[in-house]
Amino acid sequence: MKSVFRKTFSHVSGSTEAIINTALMQVAICQTRFQVIWTYTAACIRAAYAMANLTDFETTAYIECHGMDTAAGELKGISAVFGQTRSMDNPLIVGSIKSSIGDSEATSGLSGLIKIVLSIEEGYIPGTPSYPTLSSKANYQELNLCSVKNTISWPRASIKRAGINSFGYGGTNCHIIIEDAQQLLDARGIIPHRRSFLSTSRMLWMDEDDGEDHAASQSTSCTSHVLFVSAQSPLSLRCNKREILRHLASLNVRVDLGNLAYTLSGRRSHHFHRAYAVVTSSTLSQARFVDGRILAWEPRIGFIFTGQGSQWSQMGTALIKSFPEAAKRIKHLDNVLQSLRNCPALVPSQ
Numbered sequence: 001m002k003s004v005f006r007k008t009f010s011h012v013s014g015s016t017e018a019i020i021n022t023a024l025m026q027v028a029i030c031q032t033r034f035q036v037i038w039t040y041t042a043a044c045i046r047a048a049y050a051m052a053n054l055t056d057f058e059t060t061a062y063i064e065c066h067g068m069d070t071a072a073g074e075l076k077g078i079s080a081v082f083g084q085t086r087s088m089d090n091p092l093i094v095g096s097i098k099s100s101i102g103d104s105e106a107t108s109g110l111s112g113l114i115k116i117v118l119s120i121e122e123g124y125i126p127g128t129p130s131y132p133t134l135s136s137k138a139n140y141q142e143l144n145l146c147s148v149k150n151t152i153s154w155p156r157a158s159i160k161r162a163g164i165n166s167f168g169y170g171g172t173n174c175h176i177i178i179e180d181a182q183q184l185l186d187a188r189g190i191i192p193h194r195r196s197f198l199s200t201s202r203m204l205w206m207d208e209d210d211g212e213d214h215a216a217s218q219s220t221s222c223t224s225h226v227l228f229v230s231a232q233s234p235l236s237l238r239c240n241k242r243e244i245l246r247h248l249a250s251l252n253v254r255v256d257l258g259n260l261a262y263t264l265s266g267r268r269s270h271h272f273h274r275a276y277a278v279v280t281s282s283t284l285s286q287a288r289f290v291d292g293r294i295l296a297w298e299p300r301i302g303f304i305f306t307g308q309g310s311q312w313s314q315m316g317t318a319l320i321k322s323f324p325e326a327a328k329r330i331k332h333l334d335n336v337l338q339s340l341r342n343c344p345a346l347v348p349s350q
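Numbering-wise, the sequence shown is residues 1 to 350 according to the UniProt record's numbering.
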């Protein structure tokens, strides 16, 4: 279990002039559209919190915004609910995934949902570098809001709570309150299988010219990790093992074993000659690799997949009959393959 949807609420039928009416895009009525958006945003958020029996708005640390051209009115609506209990010393953090991946249109709300669930699970609030430029009409100091450029750790609190504000293409307004699942799991005596944690460092990734990586979370001394290496030859494998051990033995090296194990096993090509070592942070200097044993017999072929991707018999026949250029190319390939022994014909007889 990654998170809990505390409450979802949506209103407006979609037939109103909240988003879709193209006339609202005209400069002459921009102020009316701004008023509609922030009014509906505030009303939707208040209704969601009332239905969830939540009265302390300060416990919400982050709001994922719809963004785009609704940003200014949306931020005012968010501030109308949360800004009263905030100050610039403790502002509400806002952002939008659109500043990172663009507008995914019909699934834009889903993109924000995935972002928040992962954010709560990992304990980080991702930075949104370009989001302030999307809301240049908004005065953050007056609204008691802020948008962070760099990724930061989740503020320390008894519960991690966030909100997602989203507009449908037809004007429907929706707000979702999402929380960490820890309290629910504790109440039911369930041990979670998840990776959620709270970092003690507020700033995790600094600007590019800052060489220090603040994201490294050190593994506990009792946590075991498997370090996997592979190579094209036995000599190359020995060199890889030697270099890794030399690196780990250095007193000047600080290693996150979890990241190292993931990179070696999941972000490297897997070759024929392989070895592994099981280590903890307290046994790095004594790490010993175990070489994999090579099979004494040749592997047998179990299945052969042609990779054609056809969904039904003689699917390519219609392609040949309908597209002369495709028929010409396939005929040429068939002539080449016919020089091989016992090669079946690619082109149908008729």
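Using N, Cα and C, we set each Cβ at its ideal position, and we do this for glycine too. Remember, predicted model here, so these are calculated numbers, not experimental data.
Asked, Found
"Rounded to the nearest angstrom, how far is the Cβ of residue 165 from that of residue 10, given a contact under 8 Å?", "Not quite, the Cβ-Cβ distance comes to about 11 Å (not below 8 Å), so this is no contact."
"Return the chain-ordered list of same chain residues with a C-beta closer than 8 Å to the C-beta of residue 117, the five sequence neighbours on each side being excluded.", "2, 3, 178"
"Could you give the distance in angstroms between the alpha-carbon of residue 234 and the alpha-carbon of residue 223?", "30 Å"
"For residue 321 and residue 328, what's the separation of their Cα atoms in angstroms?", "11 Å"
"Under 6 Å Cβ to Cβ from residue 65, same chain only, skipping five residues before and after it: list those, please.", "74, 94, 96, 165"
"Can you grab the Cα-Cα spacing for the pair residue 126 / residue 120, in whole Å?", "11 Å"
"Identify the continuous beta strand (DSSP E) that holds residue 332 and give its terminal residues.", "Unbroken run through residue 332 is the alpha helix (DSSP H), 324-337; no beta strand (DSSP E)."
"Can you name, in chain order, every residue of its own chain whose Cβ lies under 6 Å from the Cβ of residue 112, other than the five neighbours on each side?", "64, 97, 164"
"Is residue 64 helix, strand or coil by DSSP?", "strand"
"Are residue 160 and residue 129 close, meaning C-beta to C-beta below 7 Å?", "no"
"Let me know the secondary structure DSSP gives residue 254 once reduced to three states.", "coil"
"Quick one: grab the DSSP three-state call for residue 97.", "coil"
"Cα separation between residue 167 and residue 37?", "9 Å"
"Where does the unbroken alpha helix (DSSP H) through residue 271 begin, and where does it stop?", "Segment: none, residue 271 is in no alpha helix (DSSP H) and carries neither H nor E."
"In this structure, how does DSSP classify residue 288 when only helix, strand and coil are distinguished?", "coil"
"With distances taken Cα to Cα, identify the nearest neighbour of residue 289 among 270, 141, 243, 263.", "243"
"Which partner residues of residue 163 appear in the DSSP bridge assignment?", "63, 177"
"For residue 291 versus residue 277, is the C-beta spacing smaller than 7 Å?", "no"
"Can you check whether the CB of residue 175 is closer than 7 Å to the CB of residue 80?", "no"
"Between the C-alpha atoms of residue 84 and residue 147, what's the straight-line distance to the nearest angstrom?", "18 Å"
"With distances taken between CB atoms, is the gap from residue 318 to residue 273 smaller than 7 Å?", "no"
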